[in-house]
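Take a look at the structure set out below.
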Amino acid sequence: MSRPARRADAEWELRLYVAGQTPRSLTAIENLRQICEEHLKGRYHVQVIDLLVHPRLSREDQIVAIPTLVRKLPTPMRRIIGDLSDTERTLVGLQLRPRKPAGAPP
Amino acid sequence: MTSARKPRRPRALAKCPSGIKGLDQITHGGLPRGRPTLVCGGPGAGKTLLGLEFIVRGATEHDEPGVIIAFEERAADLAANCASLGFDLDRLVAERKLVIDEILISRADILETGEYDLEGLFIRLGSAIDQVGAKRVLLDTLDSLFATLEDTGLLRAELRRLFGWLKGRGVTTVVTGEKGEGGALTRNSLEEYISDCVIVLDQRVSDQVATRRLRVVKYRGSLHGTNEYPFLIQSTGLVVLPITEISLDYPALVGRVPTGIRKLDEMFAGRGVFRGATVMVSGVVGSGKTTIAARFLEAACARGESCIFFAFEQSPAQIVRNMRSVGIRLDKWVKAGRLVFQAARPATFGLETHISLMVAALDAHRPHAVAIDPISAFEPSLGQPDARDMVMRLVDVLKSRGITALFTGIAQAGDGETTGFGLSSLIDTWVLVRNLEQGGERTRSIEVLKSRGQKHSNQVREFLITDRGLDLQDIYMGPEGLLVGSARAAQAVRDRAAGAALEASIAEERAALRRKRRSLQAREAELEAEFAEESRAMHRRIEEQRVALSASASGRAKIAEGRGLRTEPAAPRRDGRTS
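Each protein sequence line maps, in turn, to chains L and X. In terms of the working numbering, the first sequence opens at residue 1 and continues consecutively. In terms of the working numbering, the second sequence opens at residue 1001 and continues consecutively.
Following this line, the structure appears as structure tokens:
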């Protein structure tokens, strides 16, 4: 079981912003799916927003880079840019930690 | 009329008028249309303001909607900051002439986890442009992206793509950038991507006066003014103050302009100074220069001409009040709108800014005559060659528009003739007013030192300021020299007395002559009468003798007859008979 996030067990609300069906977008989607399945199974909700279809939605979450992953819940909001290939950084960014042996520093 | 066929010139670069006063002049039309312009400068230099004004004027004056992407300030702050300039951003947004998008990202909430690009930025920009059909875009400031994103290589590549994309969309873009260290244009070398047009804003403090300057460093494909131009941020926006580059070939006007003081005009062969001339009235304090300047403008206003009085020492209210006491009514012309005052302390701005403001006033009011009182207020800076150049440009502007200008200059006692404040070569007509102290009182004298192109009197005349205006009087040359004031009056009285005495003696001699003639005539008559008398007497005697002679002859003849003697034939008688 993954260690829960700082707040109490809340639904994870994630948004992935992409721009069309580029290889990078697809990579990001795939990477995200893997991470979520591994660390947040059963308690996450992902929205993939294609800005080419809904450009105005970029304003709400201040999207500049593509792809960007935004963690809406739990708060505080976190933004991670890139195709999420660097899993370690992604997890740090999401404030998740991979399961570590007890006693080891988080 | 035949004219040679001009060679066809290539079509000039399309320009986008910025609407910023003065900037469109320097750039000969505005910013390059459809291309990006980089505006760089230090903090507080005015970059954002320039960009904002470009967008706002485009939307309000040129029917070109705009997009502002703010990387540093919130939209609300932007709107508040430029509300004081009269730019109502909220209203423009409501009228769908403007879209403001904030892109506020801090390093803290960005984590780079793999490959990415900045397509989001493009999408947002594109969406904003499409929303209102924008033709102008402001990106303020791209430095924020450099501060936030670690991968500068990617950032640079994306920026290159961005500007290509913007060109493709056909929008005219202004990008602001922070000034770089050590002479670099920008901190992040933005000039590498934006090389069509680069404008640098600068703020320098010298002698405690801050002057803002603008310089068009680069403008590909167009002529532009390359100098630094002072600019101000006024209540209506930026005002760039270009001194128009004028060559020295303005026409020489031949009309004359009266000075308003009739006897002074007489010193210029009766007609006054040339129209478009630069006239300097110099003298020590209190010698009446401001009064002469005021009178000059009053006379011009009365002729129907419009005037500007540039005051650097006294407030307009003070000048109007002082002039009223000598019978010069300036308030009337101010009310009528023919006379405009522009007053400022020399220390408020640098000399260039002052000159630029004066030129701006010339543009706004189009006067025929101006007074600048006193030009010597800028004396500390006039010693420097740059400052003299500035005044020279002002004089060029005045002459090219045929504006007659009267400068006043305060001289120290004793060097009224020698000091030109460094401007003597620019002055066409020079009038010197002096205070004279003589016989325990002060009066004033006025003389014309030079007047190019016209004959002028070389007399020194007394200059009077009375409550009915200004007047000139001839100065008396007494036995000891120049006399003015009451000494002159006294001498005048003496001279009049002497004159009267002389006349009296002349009259007397005339009378004596008449008497002599009369007596001579009388004597003549007497002598003639005497002569007539004597000649009558003489005639009588002659007649008597003749009678006696004839009587004696006839007596002798009778006696002889009586004696019966034949006498020798008598002498033939006078009557021709023989006995």
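All C-beta atoms in this analysis are idealised placements derived from N, C-alpha and C, irrespective of residue type, glycine included.
Note on residue 1188 of chain X: 16 or more other CB atoms within 10 angstroms of its CB, so buried under the neighbour-count rule. Listed along chain L are 59, each with a C-beta nearer than 7 Å to that of residue 1101 of chain X. At a beta-carbon threshold of 9 Å, the residues of chain X lying near residue 83 of chain L are 1113, 1114, 1115 and 1116, ordered along the chain. Pairing residue 1060 of chain X with residue 1073 of chain X, the inter-Cα distance amounts to about 23 Å.
The count of Cβ pairs closer than 8 Å, one atom from the segment 1153-1172 of chain X and one from the segment 1122-1135 of chain X, reaches three, so the stretches are in contact. The beta carbon of residue 1105 of chain X is closer than 6 Å to those of 1148 in its chain, skipping five residues each way along the sequence.
Under DSSP, residue 1219 of chain X takes part in a beta bridge, and its partners are X:1197. Across the segment 1228-1241 of chain X, no CB contact with chain L closer than 9 Å is found for any residue. For residue 89 of chain L, the neighbours in chain X by C-beta distance under 7 Å run, in chain order, 1111 and 1113. Restricting attention to X:1410, X:1055, X:1276 and X:1291, the CA atom closest to the CA of residue 1403 of chain X is found in X:1276.
In the DSSP secondary-structure assignment, residue 1462 of chain X is bridged to X:1445 and X:1473. Judged by beta-carbon spacing, residue 1350 of chain X lies beyond the 7 Å limit of residue 1376 of chain X, meaning their Cβ atoms are not closer than that value. Within the segment 63-79 of chain L, 63, 64, 65, 66, 67, 68, 69, 76, 77, 78 and 79 place their CB atoms closer than 9 Å to a CB of chain X, listed in sequence order. Using a Cβ distance threshold of 7 Å, residue 1053 of chain X and residue 1177 of chain X do not count as a contacting pair. Interface residue (Cβ-Cβ distance to chain X less than 7 Å): residue 96 of chain L is not classified as such. The three-state secondary structure of residue 1562 of chain X, taken from DSSP, is helix. Note: residue 1032 of chain X is bridge-paired with X:1015 in the DSSP secondary-structure output. Any Cβ of chain L closer than 7 Å to the Cβ of residue 1044 of chain X would place that residue at the interface, and such an atom is absent. Per DSSP, residue 1188 of chain X has no beta-bridge partner at all. At least one beta carbon of chain X lies nearer than 7 Å to the beta carbon of residue 51 of chain L.
Per DSSP, the continuous alpha helix (DSSP H) segment holding residue 89 of chain L begins and ends at 87-93.
If you draw a straight line from the Cα of residue 15 of chain L to the Cα of residue 26 of chain L, it comes to about 14 Å. Residue-level contact check: residue 43 of chain L does not touch chain X, since none of the beta carbons of chain X fall below 7 Å from its beta carbon.
Counting the other Cβ atoms within 10 Å of the Cβ of residue 1355 of chain X gives 16 or more, which makes it buried. Taking each of X:1136, X:1297 and X:1477 in turn and checking the Cα distance to residue 1063 of chain X, the smallest one comes out for X:1136.
Using a Cβ-Cβ cut-off of 7 Å, residue 56 of chain L is close to 1127 of chain X, given in chain order.
With respect to the C-alpha of residue 1481 of chain X, the residue from X:1173, X:1460 and X:1050 having the closest C-alpha is X:1460. For the C-beta of residue 1120 of chain X, the chain L residues within less than 8 Å are, from N- to C-terminus, 17, 19, 51, 58, 63, 64, 65, 66 and 68. At least one C-beta of chain L is nearer than 7 Å to the C-beta of residue 1124 of chain X. The alpha-carbon separation between residue 1223 of chain X and residue 1195 of chain X amounts to approximately 15 Å. For the 7 Å CB-CB criterion, residue 1406 of chain X and residue 1311 of chain X do not form a contact. About 6 Å separates the Cβ atoms of residue 1469 of chain X and residue 1326 of chain X, confirming a contact at the 8 Å cut-off.
Only those residues of the segment 24-38 of chain L whose C-beta falls short of 7 Å from the nearest C-beta of chain X are listed: 24.
By the Cβ rule, the segment 1429-1441 of chain X does not count as touching the segment 1295-1315 of chain X, because fewer than three pairs are nearer than 8 Å. DSSP, reduced to helix, strand and coil, places residue 1290 of chain X within a helical segment of the structure shown. Across the set X:1271, X:1505 and X:1139, the C-alpha of X:1271 shows the shortest separation from the C-alpha of residue 1455 of chain X.
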